[in-house]
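S.K.: Numbering (the UniProt record's numbering), first residue to last: 1 to 253.
One structure coming up, written as structure tokens, with questions to follow.
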């Protein structure tokens with residue numbers, strides 16, 4: 001059992017009691033210009049990995065501009081054009097000889113590819129660290145209009161051993177644990193919430209892929225699908241790839 005938690009505006013506290021003491025939490029305090037941020041990161045007490053949750057920041061601005069109003073409904077945005085990664089999901093026969101490095105995303109140094117309501121205060125050698133390094137503040141003057149908007153809850157993840165059943169089962173457990181934790185915190189309702197899984201990798205299709213959607217009743221997408229998504233853009237869409245906005249998002253440990 002993972003125990004119950006309490007979530008206030010700025011920080012997740014876990015009241016789990018054991019001989020090891022309480023689990024760690026990270027404090028995300030907003031600055032004076034945006035004191036009403038919501039979300040936080042919860043550290044898994046055994047693995048040290050982090051579950052991070054992002055929801056739209058409460059608007060404290062007096063601006064009535066359409067752009068400012070639009071962004072109050074965004075919990076996270078990713079600029080797919082800044083992700084250097086293969087598209088993903090191809091038949092493996094069509095990509096024989098492709099380097100595995102091409103299937104693990106990179107973001108150019110200095111590029112703003114992730115727009116967040118707060119910048120998590122931890123370091124990770126895995127995909128979360130790459131997103132934190134590329135994070136910019138989610139604010140009306142920094143984020144272009146969304147080209148694609150994903151409603152509901154989007155689970156963001158990068159697979160490594162994607163075709164290995166043992167490793168995939170550990171990934172499934174992480175998703176299960178994360179959804180359970182979010183449900184305990186009142187951030188996920190399995191009866192009403194639409195769930196999407198957004199893979200940041202660009203791996204070819206495997207026989208295991210379909211099980212992700214079946215297990216979690218989720219739509220599954222690759223970030224590479226949106227890198228040049230002209231057909232998905234509405235009015236105001238920019239060039240050079242799509243800005244993918246998520247109503248609510250979670251980084252899976």
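The beta carbon of each residue, even a glycine, is placed where N, CA and C say it ideally should be.
(1) Thinking just about the alpha-carbon of each residue, which of 180, 107, 114 and 199 is nearest to the one in residue 135?
(2) Check for me: the alpha helix (DSSP H) holding residue 162 runs from which residue to which?
(3) Relative to the ligand SAM, is the shortest distance from any of its heavy atoms to the C-beta of residue 192 smaller than 7 angstroms?
(4) Measuring alpha carbon to alpha carbon, tell me which residue in 94, 195 and 132 is nearest residue 178.
(5) Considering only the alpha carbon of each residue, which of 130, 122 and 126 lies closest to residue 111?
(6) Between which two residues does the beta strand (DSSP E) carrying residue 127 extend?
(7) Can you look up residue 71 in the DSSP assignment and give me helix, strand or coil?
(8) Which value, in whole angstroms, describes the spacing of the CA atoms of residue 209 and residue 84?
(9) Would you check if the distance between the CB atom of residue 258 and the CB atom of residue 218 is smaller than 8 angstroms?
(10) What is the DSSP secondary structure of residue 225, reduced to helix, strand or coil?
(11) Under the three-state reduction of DSSP, which class applies to residue 103: helix, strand or coil?
(12) Buried or exposed: residue 166, going by 16 or more other Cβ atoms within 10 Å of its Cβ?
(13) Output the distance between the C-alpha atoms of residue 49 and residue 207, rounded to the nearest integer angstrom.
M.R.: In short, the structure shows the following:
(1) Of all alpha-carbon atoms in 180, 107, 114 and 199, the one lying nearest the alpha-carbon of residue 135 is that of 114.
(2) Element bounds for residue 162: n/a, residue is neither H nor E.
(3) With respect to the ligand SAM, the structure offers nothing, as it holds no ligand at all.
(4) 195
(5) 130
(6) Here residue 127 belongs to no beta strand (DSSP E); instead the alpha helix (DSSP H) covers 127-133.
(7) With a pLDDT of only 49 at residue 71, under the threshold of 50, the placement of this residue in the model should not be trusted; the figure read from the coordinates follows. Helix.
(8) 22 angstroms
(9) Residue 258 is absent from the structure shown; the chain starts at 1 and stops at 253.
(10) helix
(11) Helix.
(12) exposed
(13) 27 angstroms
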